[in-house]
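First residue of the sequence shown: 19, per the working numbering; consecutive thereafter.
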Amino acid sequence: MHNFKNPTRIIYGKGSFSRLEWVLEAFAPEKALVVVGGKSMEREGYLGKLKGCLDCETVLHHVSHEPSVKVIEEGVSKSKDTDVVVGLGGGSVLDAAKAIAILLKNDVRLNDVLNSKAKLSKPGVPLIAVPSTSGTGSEVTRVSVVGDTGENFKQSFRTEDMYPHTAVVDPELTLSCPSNVTASAGLDALSHALESFTTKSPTPITSPLAFRAMELIHKNLLKAFEDGSDIEAREGMSYASLLAGLAISNSGLGMVHGIAHAL
């Protein structure tokens, strides 16, 4: 017997960012938290467009690199009484947004969760995930990765209530992604697909998803790396990352990530 679960609504395709206003209207928020990464989303106008969709008090929280415990807890403290969280950026931004959203409804410290001293027993604030890179597939998983390079620390935690409510996957947001990030994110998606396909617990649903993701990466990653404006390649990579995320959220990962986290 096999089980497949993913409660995230997926809005996918070129121009899908324009559907954000429709998505947010359903929540009628009085206060929103927007978690965002570097300057690219502001420079390309997407942050401004997102703010324009939010007819309410809006709090910004910036995240760079893998989010630390401190960065996540700062996000929680500045966004009390938030009705909806929007993560706009790469995998680290989405991981931070997921962690903040779940902690806003659970009166526990993140360190206690990581050390198994506290449990996340309540659903979090609704989260809208809008990826700007094609790699982690975090927009459709129930996992958040916390790290601190200064302390040589990296750990993930998960709960069924951490799946985003909605994922808006618009490949046009990845057009500004630098070539080095395109490469590293693409290889991350490849490792997800490969590990899902070769895991000890594959399923008749996850294996085709993972295999298709590998096909798309083989066809599109080099093209996207060499020409960041190639929208067809960008679309292929966005789709591959999404499929790989759907796969690993049900099959799990393998030895590669286990070794990498230990190192």
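Just so it is clear, CB atoms sit at the ideal spot from N, CA and C, and this is done for glycine as well.
Name the DSSP bridge partner or partners of residue i?
i	result
A147	G105, A185
F171	D166
V77	L51
Y30	V187
R176	V161
What residue range does the beta strand (DSSP E) around residue i cover?
i	result
K49	49-54
Should residue i be labelled buried (16 or more other beta-carbon atoms within 10 Å of its own) or exposed?
i	result
P85	buried
K116	buried
S219	exposed
E157	buried
G165	buried
F175	buried
P189	buried
R160	buried
L51	buried
R102	It should be pointed out that residue 102 corresponds to Val in this sequence rather than to Arg. So V102 counts as buried.
H79	buried
F215	buried
N238	buried
P196	exposed
F10	No answer is possible for residue 10: the residues shown for the chain start at 19 and end at 281.
R252	buried
P25	exposed
N124	buried
P222	exposed
V274	exposed
M255	buried
D113	buried
S150	buried
M59	buried
S110	buried
D206	buried
G33	exposed
G70	exposed
S202	exposed
S82	exposed
S287	Because the chain in this structure spans residues 19 to 281, residue 287 falls outside the shown range and cannot be described.
S152	buried
S259	buried
The alpha helix (DSSP H) spanning residue i covers which residue range?
i	result
R252	249-269
C71	64-71
D125	First-last for D125: undefined, no H or E at that position.
R37	Premise fails: R37 is in no alpha helix (DSSP H) and is neither H nor E.
A201	197-216
F243	224-244
E92	87-95
M59	58-61
Using 7 Å as the cut-off, classify the Cβ of residue i as near or not near the heavy atoms of the ligand HEM, replying yes or no.
i	result
E253	For the ligand HEM, the structure offers nothing, since it holds no ligand at all.
Exercise. So does the region 37-44 actually touch the region 87-101, counting three or more Cβ pairs closer than 8 Å?
Worked result: Result no; under three Cβ-Cβ pairs closer than 8 Å.
Exercise. Does the region 226-235 come close enough to the region 177-193 that 3 or more CB-CB pairs lie under 8 Å?
Worked result: With fewer than three CB-CB distances shorter than 8 Å, the region 177-193 does not count as touching the region 226-235.
For this session: Count the C-beta pairs between the region 201-219 and the region 256-274 that are closer than 8 Å, then say yes if the count reaches three, no if not.
Result: The region 201-219, when compared against the region 256-274, does touch it at the 8 Å Cβ threshold.
Exercise. Is the region 62-69 close to the region 126-139, with three or more CB pairs under 8 Å?
Worked result: The region 62-69 vs the region 126-139: no contact.
Problem set entry | Segment contact flag, the region 235-247 with the region 135-145, C-beta cutoff 8 Å, min 3 pairs | These segments do not touch.
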